[in-house]
Structures are given as C-alpha cells and as structure tokens.
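Residue numbers (the numbering used here), protein chains in the order written: chain A, 1 to 156; chain B, 1 to 156. Structure, as structure tokens:
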DNA sequence: GTTCGTGCAAACCCTTTGCACAAAC
DNA sequence: GTTTGTGCAAAGGGTTTGCACGAAC
C-alpha cells in the first residue's frame, strides 16, 4: 500500500479483471509513466519515457492501451488542436486548463473557490435538463499566450 | 449593406488588405460557406458544400485558408478529439459547447445568466494574474452523451 | 510586371490495423 | 490449451508542402 502508484495500479488491475482483461507488463509500464508525469503526455512522450528501460514495448501498444484506458475511464484525453492527442490518468481532483496557443503548453490549476465549484455543478444540472444530454464531465480551457511566449514576443 | 454575410466579407477584406493580403474567389467562397453554416464544419465539410458550384477550388486551398483565417482571428478552431479539426467564423457572441462523446455532435448555447457571465469574466482576470498568461478566450465544453445516442444505448 | 494565391499531387505525421507470435489465465 | 495482448510493418486519414501556373494588384 502506501505507494500511490501501486495503489492506482491495483485499482486499474481490478477494473480490467472485471471485464476479462489482463494486467500485462506494457499496461503496467504505461500506468507508471502516466502516474509519474505531472502534465499531459502524447503517446510518443509516453513511449520515449520508458523506451530506454523497456525497448521491447512498441508504440502501437501505447496507442492501443490508451484507447482501452480511455474507454474504461482510466485515462483522460485532451486535444487542443496540436495535431496530436494528450493523455493523463483520470483524477478525482477536477481541474481547469490554461493552453498556450503559441507553444501548446498546458498548465492545470485546481484551486477553485467554493463559489466556482457550486456554480459549475449547478450549471451542469441545468444544461443537462435543457438539452437532454447526459453530462459526464466538463472541460474549461483558457486559451492565450504563456509567459515564456509573451517574453519572446516582446523581444522580437 | 443589410446582408450580414456581405458585411462580414467586407470586414474580412479590410483585415486582409491591412496586411497586404488579397480577397480572392476561394477566400470569398469559404467565408460564405462558413457564414451559411449553423455549426462547426470540418475542412472537408466546407469543401463539399461549395464543390458542386466551384469545382475548381481545391481542398488544399481550404486548409491553407483556414490556417490563415485562424491566425488572423477570423475563424475559431475546435478540436474535440475526433481526429479532425472543426471551424466556424469567430463570433462576437460567446457560447459554450455540449459535445457528444459517442457521435461527436456539437451543440452550442449562449443563453447564459448574467451571473454566469460575470463569474467567467472575473475568473479570467484572476487566472491571468496568477499564471501570467495573456488570455484571449475561454472554451467551456460539457462532455457527455446526446439524446440520440442515449436512445440508441437504451434500445440495445 | 511583380507579388501573392492556387491546384495538383506527393509528402508528412499521428494513429489504426492485420497478422503471426507470445503471454496471461 | 484457450483467449487475450503484443510487435512489427504496412495502411489509413487528416493536414501540409513543393512547384509551376494563374490571379490580384
């Protein structure tokens, strides 16, 4: 126990078993890579991070695993128009995003006011009723230019 | 005047001229196609919509034009993880999105409460200060399942 | 006449897939 | 032993690009 990555892996292993799916080395490695990361990763990012240690695991497996984990809700997929998707382990802690439209850096924050939280929860229920959608989650992205790119702009 | 599409086109023509760029037939056709549409279109959607009438205009031109218009802020780009991008003419009227994760249908709504509006404006300023981003816009997506896909789910 | 824009086709890149082999159960 | 998962390489699909021609200024 103790170790949060191991804990996470146990939970996921359970999820898989329930559906007759197996916990294999590639899946374990991908979970650990995602758990170690502090931000969204592309499939290639993940692949490169473990490739030195596990050269036997291929990129196709990373893609297949990410599709599977996304379907199971284990992983969150994010696409900000970069031409490739990014992933992270689904968290119970909800967060909003700051996306730099120049370099596609993504910054997360989750220090909401309670007012903010209540507001969103209420809105979600309202929208659900009005449009007859079943809403699973919401994504809030602030799009703009990050400090680094702002500095570059100023310099040029 | 009167006609809002013509008006829009005039404004865009001005934007182009300012930068030494030209208003051409393909650009005009793409603007009109986007102006006619009531929802986000893919590059191929746009291409197919005018292709019967303007068979001479190619798909590559659509892509090049969309990149240009996006840079100029004339067009908004949306990527919901569908594997292709969607576009619409940038509007002064801000809206939020409902995205169906099964069929990728996108529904927009813009009937916010004033409380909702003020809340977002305040948040944007706050986040701007805290993270030193220059924020241009925000995107709010409620992700879930649309009424049609819900019905199909129930039927199966 | 010069510059900018376009059409076409080929190239590119991310992602998916077919197939034979390997691993998990 | 059967089923599920994987590696590899090839295919797929959206998007971009090089180049020569055409259009806008």
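Where is the CB? At the ideal position from N, CA and C, for every residue including glycine.
Inset, instruction - Identify the continuous beta strand (DSSP E) that holds residue 91 of chain B and give its terminal residues. - result: Taking the first residue of the second chain as position 1, residue 91 of chain B is located at position 91. That residue, residue 91 of chain B, is in no beta strand (DSSP E); it is neither H nor E in DSSP.
Inset, instruction - Spell out the partners DSSP gives residue 114 of chain B in its beta bridges. - result: Counted from its first residue, the second chain places residue 114 of chain B at position 114. Its beta-bridge partners do not exist; DSSP assigns none.
Legend entry - Residue closest to residue 135 of chain B, alpha-carbon to alpha-carbon, out of B:120, B:87 and B:48: As a working mapping, residue 135 of chain B is identified with position 135 in the second chain. The shortest Cα separation from residue 135 of chain B among B:120, B:87 and B:48 belongs to B:120.
Inset, instruction - Using a Cβ-Cβ cut-off of less than 7 Å, give me the residues of the segment 18-46 of chain B that come near chain A, in sequence order. - result: Within the segment 18-46 of chain B, no residue has a Cβ that lies closer than 7 Å to any Cβ of chain A.
Inset, instruction - Within 10 angstroms of the Cβ of residue 65 of chain A, are there 16 or more other Cβ atoms? Answer buried if so, exposed if not. - result: By one-based count along the first chain, residue 65 of chain A stands at place 65. Buried, since its Cβ has 16 or more Cβ neighbours within 10 Å.
Inset, instruction - Using a Cβ cut-off of 9 Å, pull out every chain B residue sitting near residue 132 of chain A, in sequence order please. - result: Walking along the first chain from the start, residue 132 of chain A turns up at place 132. Under the 9 Å cutoff, chain B gives 146, 147 and 150.
Inset, instruction - Please work out which residues of its chain come closer than 7 Å, Cβ to Cβ, to residue 33 of chain B, disregarding the five sequence neighbours upstream and downstream, and give them in chain order. - result: Numbered from its first residue, the second chain carries residue 33 of chain B at position 33. Spatial neighbours of residue 33 of chain B in its own chain (CB-CB distance under 7 Å, excluding positions within 5 residues in sequence) are listed in chain order as 46, 49 and 50.
Legend entry - Short Cβ contact (9 Å threshold) for residue 133 of chain A with residue 142 of chain B: For the purposes of this step, residue 133 of chain A is taken as residue 133 along the first chain, with counting starting at 1. For the purposes of this step, residue 142 of chain B is taken as residue 142 along the second chain, with counting starting at 1. Against a cut-off of 9 Å, the Cβ pair of residue 142 of chain B and residue 133 of chain A comes out as a contact.
Inset, instruction - Check the Cβ of residue 136 of chain A against every Cβ in chain B and list those closer than 9 Å, keeping chain order. - result: Position 136 of the first chain, counting from 1, holds the residue named residue 136 of chain A. Contact note: residue 136 of chain A reaches chain B through 101, 142, 143, 144 and 145, using a C-beta cutoff of 9 Å and chain order.
Inset, instruction - Taking the CB atoms as reference points, tell me whether residue 27 of chain A and residue 12 of chain A lie closer together than 9 Å. - result: Walking along the first chain from the start, residue 27 of chain A turns up at place 27. Walking along the first chain from the start, residue 12 of chain A turns up at place 12. Their beta carbons are under 9 Å apart, which means residue 27 of chain A touches residue 12 of chain A by this criterion.
Legend entry - Extent of the continuous beta strand (DSSP E) to which residue 77 of chain B belongs: Here residue 77 of chain B refers to the residue found at position 77 of the second chain. First-last of the beta strand (DSSP E) with residue 77 of chain B: 75-78.
Inset, instruction - Can you tell me which of the three DSSP states residue 138 of chain A falls into? - result: Locating residue 138 of chain A in the first chain gives position 138, where the first residue counts as 1. Three-state DSSP puts residue 138 of chain A in a strand.
Inset, instruction - Answer yes or no: does any C-beta atom of chain A fall closer than 9 Å to that of residue 106 of chain B? - result: Taking the first residue of the second chain as position 1, residue 106 of chain B is located at position 106. Interface with chain A (9 Å Cβ-Cβ cutoff): residue 106 of chain B is excluded.
Inset, instruction - Let me know the secondary structure DSSP gives residue 146 of chain A once reduced to three states. - result: Counting from one through the first chain, the residue named residue 146 of chain A turns up at place 146. Here residue 146 of chain A sits in coil by DSSP.
Inset, instruction - Could you spell out the range, first to last residue, of the beta strand (DSSP E) harbouring residue 108 of chain A? - result: Against the first chain, residue 108 of chain A aligns to sequence position 108. From DSSP, the beta strand (DSSP E) with residue 108 of chain A extends over 106-109.
Inset, instruction - Using a Cβ cut-off of 7 Å, pull out every chain A residue sitting near residue 6 of chain B, in sequence order please. - result: Translated into the one-based positions of the second chain, residue 6 of chain B becomes position 6. Below the 7 Å Cβ cutoff, chain A contributes no neighbours of residue 6 of chain B, its closest Cβ being approximately 30 Å away.
Legend entry - Terminal residues of the alpha helix (DSSP H) in which residue 63 of chain A lies: Your numbering for residue 63 of chain A matches position 63 in the first chain. In the DSSP assignment, residue 63 of chain A falls within the unbroken alpha helix (DSSP H) covering 59-71.
Legend entry - At least three beta-carbon pairs within less than 8 Å, the segment 30-44 of chain A to the segment 72-88 of chain A: With a cut-off of 8 Å on Cβ pairs, the segment 30-44 of chain A is in contact with the segment 72-88 of chain A, counting three or more such pairs.
Legend entry - Cβ pair residue 101 of chain A, residue 140 of chain A closer than 9 Å: The residue labelled residue 101 of chain A in the question sits at position 101 within the first chain. The residue labelled residue 140 of chain A in the question sits at position 140 within the first chain. The answer is no: Cβ separation not under 9 Å.
Inset, instruction - Measure the C-alpha to C-alpha separation of residue 91 of chain B and residue 148 of chain B and round it to an integer number of angstroms. - result: Position 91 of the second chain, counted from the first residue, corresponds to residue 91 of chain B. Position 148 of the second chain, counted from the first residue, corresponds to residue 148 of chain B. Approximately 28 Å between the Cα atoms of the pair.
Legend entry - Top-ranked residue by Cα proximity to residue 137 of chain A, from B:124, B:54 and B:97: Taking the first residue of the first chain as position 1, residue 137 of chain A is located at position 137. For the residues B:124, B:54 and B:97, the minimum Cα distance to residue 137 of chain A belongs to B:97.
Legend entry - Nearest-angstrom beta carbon gap, residue 106 of chain A and residue 80 of chain A [assumed within contact, 8 Å]: Numbered from 1 along the first chain, position 80 holds the residue referred to as residue 80 of chain A. Numbered from 1 along the first chain, position 106 holds the residue referred to as residue 106 of chain A. Contact flag correct, Cβ pair sits at about 7 Å.
Inset, instruction - Spell out whether any CB of chain B is found under 9 Å from the CB atom of residue 78 of chain A. - result: The residue labelled residue 78 of chain A in the question sits at position 78 within the first chain. At least one chain B Cβ lies under 9 Å of residue 78 of chain A.
Inset, instruction - Report the three-state DSSP secondary structure of residue 21 of chain B (helix, strand or coil). - result: Counting from one through the second chain, the residue named residue 21 of chain B turns up at place 21. If DSSP states are grouped into helix, strand and coil, residue 21 of chain B belongs with coil.
Legend entry - Reduced DSSP secondary structure (H/G/I, E/B, other) of residue 42 of chain A: Counting from one through the first chain, the residue named residue 42 of chain A turns up at place 42. Annotated three-state conformation of residue 42 of chain A is strand, per DSSP.
Legend entry - Chain-ordered chain A contacts of residue 67 of chain B [CB-CB under 9 Å]: Here the question's residue 67 of chain B lines up with position 67 in the second chain. Residues of chain A passing the Cβ test: none, with the nearest at roughly 11 Å.
Legend entry - Contacts of residue 81 of chain A in chain B (Cβ-Cβ under 8 Å): The sequence position of residue 81 of chain A within the first chain is 81, counting from 1. The contacting residues are 77, 78, 79 and 85.
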